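Accompanying notes for the structure given below.
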Amino acid sequence: MCGIVAASAHRDVTDILIAGLRAVEYRGYDSAGIAMQFNGSLQRQRIQGKVSVLENLLASHPVSGHCGIAHTRWATHGVPSDRNAHPMVSGERVALVHNGIIENHQELRDELRAAGCEFTSETDTEVMVHLVSAFMDQGADLFTAVKSAISRVQGAYAIAVVCAREPGVVVGARKGSPMVLGVGFNEHFLASDIHPLLPVTNRFIFLEDGDVVRIDAETYRVEDA
Ligand code: GLU
């Protein structure tokens with residue numbers, strides 16, 4: 116087990132995400148990372164080691180933004196390393212964090228490679244970010260692209276995804292791994308459990324297997340299977 120924290124708000128959420136990662140440290144992990152939307156692009160930092168190591172990295176390579184995703188990884192596919200740490204990105208346009216295991220990752224990797232996709236990690240997770248990106252290339256919005264991507268994967272996942280072209284939007288999905296939606300006042304959050312969100316809200320919606328969720332600062336939408 117490991118952790119996800121994501122947020123969309125009208126304020127800088129970087130510190131909320133990092134404090135949130137500390138609150139899920141108890142779940143165990145080997146690396147940590149964060150991706151923020153900033154002025155129409157994505158900023159990502161990730162590193163093997165503790166959240167404190169990520170914080171040191173952020174001190175010299177800061178990120179900021181009103182919308183972002185953060186992750187602690189417990190490696191299942193690919194060694195613990197900077198290169199295998201989440202968030203995974205596709206073309207610097209889509210960033211994704213994942214808890215769980217994608218069972219048909221090899222078959223999807225072969226298919227995506229044949230279509231010209233370049234992989235930069237050994238993780239099972241990376242197939243999902245490239246799938247989301249491929250569906251967006253075909254014209255889908257992020258919510259639809261995530262739904263299409265998860266229809267292709269077998270296994271267990273909780274994911275949170277952001278893309279450069281939809282400011283303020285985070286899309287999440289879960290099957291077999293936990294995810295909770297935190298409802299604030301003009302801000303919304305996703306996390307593996309309520310602990311990282313207790314400083315920012317006391318209103319929670321516990322997502323069920325098969326749910327896909329879209330949050331921005333003002334709204335949330337949950338679609339079931
Ligand atoms: N299977 C993924 C990986 O090895 C996610 C592991 C996790 O749940 O943190 O990167």
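Number 340 marks the last residue of the sequence shown (this note's numbering); no jumps.
Here a beta-carbon is modelled for each residue, glycine too, at the ideal position from N, C-alpha and C.
Being a predicted model, the structure only gives us computed values, none of them experimental.
When the options are compared against residue i, the one with the closest alpha-carbon
i, options, result
"Asn301", "His310, Gln163, Val315, Met294", "Val315"
"Gln221", "Val212, Phe234, Asn214", "Phe234"
"Arg188", "Ala174, His213, Cys182", "His213"
"Ala174", "Val204, Ile133, Asp145, Cys232", "Ile133"
"Ser248", "Lys165, Glu237, Val276, Ser236", "Val276"
"Pro282", "Pro311, Phe258, Ser307", "Phe258"
Residues of its chain near residue i, where Cβ-Cβ distance is below 7 Å and the 5 sequence neighbours each way are ignored
i, result
"Ser179", "Asp127, Thr129, Met151, Phe153"
"Cys232", "His245"
"Gly215", "Gly270, Ala271, Tyr272, Ala273, Gly291, Ser292"
"Ala264", "Met243, Leu246, Val247, Phe250"
N-terminal and C-terminal residue of the beta strand (DSSP E) that residue i is part of
i, result
"Gln152", "146-153"
"Ala355", "Absent from the model: residue 355. The displayed extent of the chain is 116 to 340, so no value can be given."
"Thr187", "182-188"
Exposure of residue i, with buried meaning 16 or more beta-carbon neighbours within 10 Å
i, result
"Ser167", "exposed"
"Pro177", "exposed"
"Tyr141", "exposed"
"Phe321", "exposed"
Whole-angstrom C-beta distance between residue j and residue i, which should lie under 8 Å
i, j, result
"Ala121", "Arg159", "In fact, because the Cβ distance is near 14 Å, the residues do not count as touching under 8 Å."
"Met203", "Glu170", "No, Met203 and Glu170 are not in contact; Cβ-Cβ is about 21 Å, not under 8 Å."
6 Å Cβ shell around residue i - same chain, five flanking residues per side excluded
i, result
"His303", "Ser123, Ile330, Tyr335"
"Gly118", "Val139, Arg142, Thr187, Ser307"
Own chain, CB closer than 8 Å to residue i, minus 5 neighbours either side, in chain order
i, result
"Ser236", "Gly193, Arg198, Asn199, Met203"
First through last residue of the alpha helix (DSSP H) which encompasses residue i
i, result
"Ser266", "257-267"
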